[in-house]
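One structure is given here, and the rest of the page talks about it.
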Amino acid sequence: MAIELNQIWEFPIKEFHPFPRALIGVGAHDILGVEAKKLGFKRSLLVTTGLRGSGIIEELKGKIEYQGVDVVLFDEVESNPKDYNVMDAAARYQAEKCDSIISIGGGSAHDAAKGARMVIAHDGRNINEFEGFAKSTNKEAPPHIAVSTTAGTGSETSWAYVITDTSDMDKPHKWVAFDELSICTLAIDDPLLYYSCPQHFTAFCGFDVLAHGSEPFVSRLDFAPSLGNALYAIELVAKNLREATFERNNLAARTGMMNAQYIAAQAFNSGGLGIIHSISHAVSAFFDSHHGLNNAIALPRVWEYNLPSRYEHYARIATALGVDTTGMTTVQAADAAVEEAIRLSKDVGIPDNFSQVKVSSYEKNQMNTGKYEGRGDTIPGDEKTVRAISEHIQDDWCTPGNPREVTVESMIPVVDHCINGSY
Ligand SMILES: [Fe+2]
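Start counting the sequence shown at 96; every next residue gets the next number (our numbering).
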């Protein structure tokens, strides 16, 4: 029987995906308007969730307009951006005859903006047609400056974006796309804008960074140029997340986390992700809960699940997390990595499991249409929900990167522990 080469040797040829130009550091946001003008922007669609109460949008809008660039505000992006957010943004861009996009916020704003650019580049095609790898067929999309106000997503520098398909609410689907056409023109990561990020979001987003660092480090892709960045990002999270969470104005910690976000995204951009993200996407698809929070709850469970296939890698992660592994066996050190991640999550106030997470007000959610048993104020842990999440994981484009094989049956105890178990 003939055996295909890829059955014995996965990912033999690695592919590097480029990053955009970036301005990183205190004060970078100040030159947003100058940069927009330099790039030739005349009329920009400003895509955001609104960041109400922070004053950031008003301030940055002023800086852009001061340089003679018109701003059309689109502040209707929801958390876990929905397909209709993307289509509305694209329609607004066309109706207002914009020539460029500026997104300000975290992953939701950047991903919605990237999605809108894909739609604009493809004559208004539905965004849900672009799930997966490199689905674009056109070469040009509107130019885009992405300005971060959180330290988590890395979307400002990556070729990934994530959208929730709401077209069939009997089967809600949160999908990921990787596409070079979606890459921004310029990323701006200024720790000063991250000062306004509330305590709980700082913690949640920090665990998104930890997922972005750890997943490429253990990935099947085994992309060598990513491994150093992945470990360093983990180290930065371990050193800075507690202070960034609890000391709002700690510049060193905010800067450390901003750097960690950027570096971790550079790692996963070509190094791949895994089932922390697949679980996270599934839970968001059904319950619209925060991506970083989902990652934080899934992370130690997934590390435990993956341990047998990557003991040495997790032992090195333990060291990056600051554990003194002197005298430990590789297995003990790997176990210590999981313990340390759990400690960090408890320290920054991550809930034990999804049964403690309130379902958000996602109006089109199955929970609210009564299609799920055990519905209530928090995410239910009944068998049907566990299976639905385990099945959603199978179709996620992050799953193939996971080091250990994944099936519906192998995911059921992991997902069950995410919802009902505790450490
Ligand atoms: Fe993520």
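From the three backbone atoms N, C-alpha and C, an ideal C-beta is built for every residue, glycine too.
Asked	Found
Buried or exposed, going by whether 16 or more other CB atoms sit within 10 Å of the CB of N221?	exposed
Check whether the Cβ atoms of E435 and L416 lie closer than 8 angstroms to each other.	yes
In this structure, does DSSP put T473 in helix, strand or coil?	strand
What whole-angstrom Cβ distance do G301 and S243 have, given they're in contact under 8 angstroms?	That belief does not hold up - the Cβ atoms of G301 and S243 are roughly 14 angstroms apart, past 8 angstroms.
So, does the CB of D274 fall closer than 8 angstroms to a CB anywhere in chain B?	The chain inventory of the structure shown lacks chain B, comprising one protein chain alone.
When burial is assigned at 16 or more other CB atoms within 10 Å of the CB, is W270 buried or exposed?	buried
A190 by DSSP, collapsed to three states: which one?	helix
Say the cut is 7 angstroms; is the CB of H372 nearer than that to a heavy atom of ligand 1?	yes
What are the complete alpha helix (DSSP H) segments, minimum 4 residues, inside the region 116-194?	127-133, 151-161 and 178-190
In terms of residues, what are the limits of the beta strand (DSSP E) holding L281?	L281 to D284
G369 and E310 look like a contact to me (Cβ under 8 angstroms); what is the Cβ gap, rounded to whole Å?	4 angstroms
Along the chain, where does the alpha helix (DSSP H) that runs through Y327 open and close?	A319 to F341
Quick one: is the Cβ of D303 within less than 7 angstroms of any heavy atom of ligand 1?	yes
Please tell me whether, using a cut-off of 7 angstroms, the distance from the CB of T248 to the nearest non-hydrogen atom of ligand 3 is below it.	This structure does not include ligand 3; its bound ligands are ligand 1.
Quick check: the Cα distance between V304 and K137, rounded to an integer number of angstroms?	34 angstroms
Cβ of H205 versus every heavy atom of ligand 1: is any distance shorter than 7 angstroms?	no
Comparing C-alpha positions only, which one of Q451, I374, F114 and V418 sits nearest to D472?	Q451
If you run the structure through DSSP and keep just helix, strand and coil, what is T414?	helix
Are N233 and D260 closer than 8 angstroms when you measure CB to CB?	no
Return the bridge partner residues of H408 from the DSSP annotation.	Per DSSP, none; premise fails for H408.
Given 7 angstroms as the limit, tell me if H112 has its C-beta closer than that to any heavy atom belonging to ligand 1.	no
Report the start-end ranges of each beta strand (DSSP E) in the region 234-262 that is 3 residues or longer and not cut off at the edges.	239-243 and 255-260
Over the uninterrupted beta strand (DSSP E) stretch that includes A272, give me the two end residues.	H268 to F273
Starting from L305, follow the alpha helix (DSSP H) in both directions and report where the run begins and ends.	Q294 to V313
In terms of DSSP beta bridges, what is I199 paired with?	V242
What residues are listed by DSSP as bridge partners for K109?	Note: K109 sits in no beta bridge, so no partner.
With C-beta atoms as the reference, is L316 less than 8 angstroms away from G249?	no
Does DSSP put K209 in a helix, a strand or coil?	helix
Pull up the CB-CB distance for S291 and S149, whole angstroms please, since I reckon it's below 8 angstroms.	4 angstroms
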